[in-house]
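Chains as they are written, first to last, in our numbering: chain A, 4 to 401; chain B, 4 to 401.
Yeah, the Cβ is synthetic: ideal placement off N, Cα and C, and Gly gets one too.
Please read these numbers as outputs of a predicted model, since none were measured by experiment.
Presented below is the structure to which this report refers.
Protein chains: 2
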Amino acid sequence: MKKQNQKSDEILNKRRQLGPFPMEKLKRVEQPTTQITESVQRIDKREGVGERAERGDFGPVVARELERDVEKYPLSAVVRNMVYYLGPRAEGKVAPSKAPIPEDPEILSRHIKSLGYFLRADIVGICRVPAYAVYSHDEKGNPIELKHKFAIIVVVDQDYDTFLGSNGSDWISGSQSYRSYSATSFIASLIADYIRKLGYPARAHFCQNYQVAITPLLLWAGIGEMCRVGVALNPFLGVRFKAAAITTDLPLVPDGPIDFGLQEFCRVCKKCAVECPSRAISMGDKVMYNGYKSWRTDIPQCAKFRFANPNGSSCGRCIKVCPWNKPSGWTHDVVRWSVRNLPALDSLIVKMDDIWGYGKQDTAYKWWFDLEEVDGVLQVPKRGAERLYKETDVGLRE
Amino acid sequence: MKKQNQKSDEILNKRRQLGPFPMEKLKRVEQPTTQITESVQRIDKREGVGERAERGDFGPVVARELERDVEKYPLSAVVRNMVYYLGPRAEGKVAPSKAPIPEDPEILSRHIKSLGYFLRADIVGICRVPAYAVYSHDEKGNPIELKHKFAIIVVVDQDYDTFLGSNGSDWISGSQSYRSYSATSFIASLIADYIRKLGYPARAHFCQNYQVAITPLLLWAGIGEMCRVGVALNPFLGVRFKAAAITTDLPLVPDGPIDFGLQEFCRVCKKCAVECPSRAISMGDKVMYNGYKSWRTDIPQCAKFRFANPNGSSCGRCIKVCPWNKPSGWTHDVVRWSVRNLPALDSLIVKMDDIWGYGKQDTAYKWWFDLEEVDGVLQVPKRGAERLYKETDVGLRE
């Protein structure tokens with residue numbers, strides 16, 4: 004088979020940063036900084052909070068509100084509908100013969116990452132698929148069999164400016180999630196389709212059709228470290244992103260986990276826990292749960308608030324107030340360097356974050372309208388605390 | 004009807020630049036810098052070069068190659084298929100009642116532009132729809148009736164780095180076009196859907212389903228000036244972009260045409276004309292054609308080469324070599340200032356562009372593989388000049 008791209012050494016050496024963020028410069032380590040024990044189990048999607056809410060596990064009000072938590076805000080409905088529309092693009096026929104491309108996993112990894120950036124991903128990473136990252140059953144109880152060796156993870160930012168204008172739990176919140184869910188669905192569908200055209204199996208996993216849990220993939224691909232919120236946190240985006248994955252047998256080189264000093268930072272920070280409107284995020288120490296040793300978020304409590312949020316659509320307050328939710332800039336590069344090298348300064352950095360006013364809402368950035376669909380008609384939302392909080396058992400702070 | 008966003012003055016004053024490029028700082032003028040005369044006519048899509056090529060107007064080889072010009076490269080096939088897949092999202096049902104949002108066109112314009120940027124457009128602009136911008140008939144000969152007052156134009160970059168790695172007319176070329184066609188289709192579909200949910204009519208116009216000609220909209224919305232290539236050129240992207248539009252009756256404020264000194268620059272530059280592999284771009288002066296006074300590109304000649312390009316998929320050599328094809332950076336800001344204020348330096352700038360090596364290919368940026376699908380199987384392309392150029396009447400230079 005004829006080979007091409009003979010000058011691969013040149014190519015591999017010259018371009019050290021492929022995307023908008025210097026992911027290539029992060030310190031790589033052997034294991035994720037969060038301990039994942041042998042007791043880690045595959046997750047059954049029927050035990051997901053959405054499924055539990057739908058079954059009424061969180062009471063009738065949450066079950067009712069779940070049905071409209073996204074649909075009630077017109078923009079979040081629009082971007083979510085797009086995700087559903089892209090659903091059928093996740094899978095497809097594999098070309099019967101393999102393309103005449105190099106079989107060198109390093110060249111292929113670089114190719115696929117460059118493709119992801121070309122298709123406008125903010126970050127692309129690669130890992131092996133650990134068996135425990137594959138869900139055991141789908142929402143309907145069908146067993147999931149997925150044998151692909153590698154996962155390509157595609158990340159899209161949720162937009163810093165919009166978070167500036169929001170308080171994190173208002174009407175734009177669901178749209179911020181689905182902005183990135185829809186963009187990653189779009190990109191992952193295209194990459195999976197392309198790999199299949201090259202003659203290799205590939206499936207896109209995105210919002211509403213994941214067969215893999217994204218968090219362990221983000222840890223193993225070195226896109227983030229596990230944070231106090233209970234998800235992966237990236238040093239350049241914080242938790243202000245969503246991710247999709249493409250699983251495949253195209254031979255690739257895993258990126259490896261990263262260590263940028265987050266474990267000590269989250270230990271002292273606690274800003275997300277203090278600010279969480281549903282008090283779902285732990286103020287305490289790491290504990291063992293689901294096979295991970297990490298901070299334990301009360302996921303049902305978080306979900307109940309998000310699904311039934313009477314003063315908004317969904318919630319991302321932890322994303323907004325996190326000190327890692329920052330725009331680009333050299334001052335933030337200095338802080339990242341400090342967290343990595345001078346952990347003793349972490350608590351000072353957290354204090355400075357408050358003093359500088361980060362995490363506050365700046366209404367000059369509020370470009371959207373507050374709207375709520377009620378019985379098919381868009382209305383200006385009434386402040387819903389009295390209307391709805393009383394109906395739920397969600398213990399909310401004022 | 005209850006109103007919101009009372010602090011609109013504050014909002015309108017504080018954020019002067021909404022997107023990644025300082026479009027708001029450009030000098031706005033009354034009329035496009037290209038004269039559009041009263042003799043301008045609506046265009047019949049049946050007279051488009053694709054339709055003419057399909058009918059055999061450019062000979063049997065071009066007609067045959069047109070069928071595979073995109074499909075023959077796997078990535079361009081993938082991104083174009085996505086555009087087709089999004090086709091049904093262009094139109095939809097308008098909500099029966101209008102949302103309780105401000106009716107101030109200035110606030111709505113800012114809202115819609117911010118939405119476009121939130122959905123990851125690189126540039127968003129607004130204009131009235133001139134009657135002549137609406138196609139007279141579609142490809143099948145059906146008359147087009149489109150009465151929407153306003154157009155929102157959504158622009159996505161074709162990726163500077165990828166153009167660095169290409170020679171402009173090789174295998175990645177079609178993918179570069181469809182990268183931006185697919186992204187703008189995606190964004191325009193979402194915006195149209197959203198406006199309809201607010202209770203206003205809206206239709207998305209994107210690659211394969213345009214009912215409006217994009218170039219006059221780009222001129223009137225001040226996204227670009229007409230350039231020697233015969234399309235709109237933006238001061239920050241050059242011609243390295245594709246655009247989609249949303250037409251609507253949502254009340255908006257048109258942005259107005261821009262003048263950044265391009266007419267004099269293109270008069271002296273001619274780099275695109277010199278480098279065009281099919282010699283389709285004029286080396287001469289402006290002439291009157293189709294109601295515009297501008298440089299006349301031999302569009303059939305360009306199309307014949309693009310459709311039948313034996314050494315690549317499509318062509319964008321003019322995009323690559325254009326001195327306006329630059330990354331961000333203050334040095335380029337200085338040059339932009341000079342073109343605007345010191346036109347006498349234009350020819351020196353063009354010379355410097357050559358001396359600095361802009362427009363050359365840097366293979367370190369070539370991340371894709373050269374591949375060609377022949378009879379359903381991907382192959383390493385054979386250099387096709389002998390094979391194909393002889394079969395066509397396209398007068399090619401060596």
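query	result
Counted within 10 angstroms of its Cβ, other Cβ atoms place B:E41 as buried (16 or more) or exposed	exposed
For A:K363, three-class secondary structure by DSSP	coil
Of the listed residues B:F263, B:F372, B:C279, nearest to B:W327 (C-alpha basis)	B:F263
Exposure of B:R386, with buried meaning 16 or more beta-carbon neighbours within 10 Å	exposed
Proximity test, Cβ basis, 9 angstroms: A:H114 and chain B	yes
Within-9 angstroms CB hit, A:W359 to chain B	no
Assigned exposure category for B:G144 - 16 Cβ within 10 Å defines buried	exposed
Chain-ordered neighbours of B:Q382 on chain A, where CB pairs are closer than 7 angstroms	P103
Cβ neighbours of A:P254 in the same chain (closer than 7 angstroms, five flanking residues each side left out)	E106, P108, L111
Cut-off 7 angstroms between Cβ atoms - residues of its own chain near A:S117, not counting five sequence neighbours on either side	L21
CA-to-CA distance, B:R131 to A:R299, given in whole angstroms	54 angstroms
Enclosing alpha helix (DSSP H) for A:T334 [first to last residue]	333-344
Residues bridged to B:I129 (per DSSP)	B:I155
Assumed close pair A:Y197, B:L78 - CB separation to whole angstroms, cut-off 8 angstroms	6 angstroms
Alpha helix (DSSP H) segment containing B:T218, residue limits	217-223
Same chain only: Cβ atoms within 7 angstroms of B:A276, ignoring 5 sequence neighbours per side	R231, I284, S285, M286
B:L381 - containing beta strand (DSSP E), residue span	380-382
Separation of B:M291 from A:A102, as counted between CA atoms	49 angstroms
Residue from B:R309, B:R19, B:D357 whose Cα sits closest to the Cα of B:V64	B:R309
Minimum C-alpha distance to A:G294 - residue among A:P303, A:T37, A:K30	A:T37
When B:A205, B:V43, B:R55, B:S178 are compared against B:K307, the one with the closest alpha-carbon	B:R55
Beta-carbon proximity list for B:V215, same chain, < 8 angstroms, skipping 5 on both sides	V132, A136, V137, Y138, L149, A154, H208, A248, T250
is_contact[A:K200, chain B] using C-beta, thresh 9 angstroms	yes
A:Y295, DSSP secondary structure in three states	strand
Interface flag, B:V82 vs chain A, CB-CB below 9 angstroms	yes
Chain-ordered chain A contacts of B:D162 [CB-CB under 7 angstroms]	F121
Assigned secondary structure, B:V73 (DSSP; H/G/I helix, E/B strand, else coil)	coil
B:A98, enclosing alpha helix (DSSP H) - first and last residue	Looking at the DSSP string, B:A98 is not in any alpha helix (DSSP H), and its letter there is neither H nor E.
Cβ separation of B:V159 and B:S183, assumed to be a contact under 8 angstroms, to the nearest whole Å	4 angstroms
Other residues of its chain near B:Y181: CB distance less than 6 angstroms, five sequence neighbours each side excluded	S79, V82, R83
Beta strand (DSSP E) segment containing B:F166, residue limits	No beta strand (DSSP E) holds B:F166; the alpha helix (DSSP H) holding it covers 163-168.
Cβ-based burial, A:G241 [other Cβ within 10 Å; buried from 16]	buried
For A:I46, the nearest candidate out of A:D141, A:M85, A:R71 (CA to CA)	A:D141
Outcome for B:Y257 when other beta-carbon atoms lying within 10 angstroms are tallied against a minimum of 16	Sequence inspection shows Pro at residue 257 of chain B; the Tyr mentioned does not correspond to that position. Buried is the call here.
Residue-level contact to chain B via CB, A:Y197, 9 angstroms cutoff	yes
Within chain A, the residues that B:L348 reaches when beta carbons sit closer than 9 angstroms	Within chain A, no residue comes near B:L348; the closest Cβ sits about 33 angstroms away, beyond 9 angstroms.
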